[in-house]
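Using this note's numbering, you'd call the opening residue of the sequence shown number 339 and step up by one each time. From the three backbone atoms N, C-alpha and C, an ideal C-beta is built for every residue, glycine too. Since we're looking at a predicted model, the values are computed, not measured. These notes are about the structure you will find just below.
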Amino acid sequence: MPFRPLLDLFEHFLREGHMFLFKLSLAITDAIASKVLEAKATEVNKLFELLRLDKKHFPDTMEEETGFFSGIVKAAKEMELDAGEVKGLREAQMVVLQEKLAQVRKKEQELKDAEDSDEIVFSDEDEDEEDEAERLA
339 MPFRPLLDLF EHFLREGHMF LFKLSLAITD AIASKVLEAK ATEVNKLFEL LRLDKKHFPD
399 TMEEETGFFS GIVKAAKEME LDAGEVKGLR EAQMVVLQEK LAQVRKKEQE LKDAEDSDEI
459 VFSDEDEDEE DEAERLA
């Protein structure tokens, strides 16, 4: 990323905090969405290159005001997000995450309990014991 857009990014991050990072990620997603959707599912390397904003696909141009990265930072700065709505979405997702985590812990406990009582019993063991008892009697 060229220096000027990077400096602008940090300036707004320090001013707005984590909300600017959220706006920036939305702006990046919007900027690369078409290229990601055009990529074939078998082109995994290309997808990773796109997601990490590789120079191969997004060169650092000296056109700081009209370049790709300047456009992303500008879009993030202009984006309007309601902090209350974002907070509500985060809280809702935290509830979903806690439910999933409780299910995982329950399943882990079930597997641990099953492992503790894991005794191998062969179907013919009872018959062998009865036959042995009869022979000895």
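Asked	Found
Beta-carbon contacts of K415 that lie in its chain and below 7 Å, excluding the five residues immediately before and after	H350
Assumed close pair D398, M339 - CB separation to whole angstroms, cut-off 8 Å	7 Å
Distance between K393 and E387 (C-alpha atoms, nearest Å)	8 Å
Rounded straight-line distance, which links the Cα of F396 to that of F406	7 Å
Complete alpha helix (DSSP H) runs within the stretch 405-458 (minimum length 4 residues, chain order)	406-416 and 421-454
Exposure label - V411; buried when at least 16 CB within 10 Å	buried
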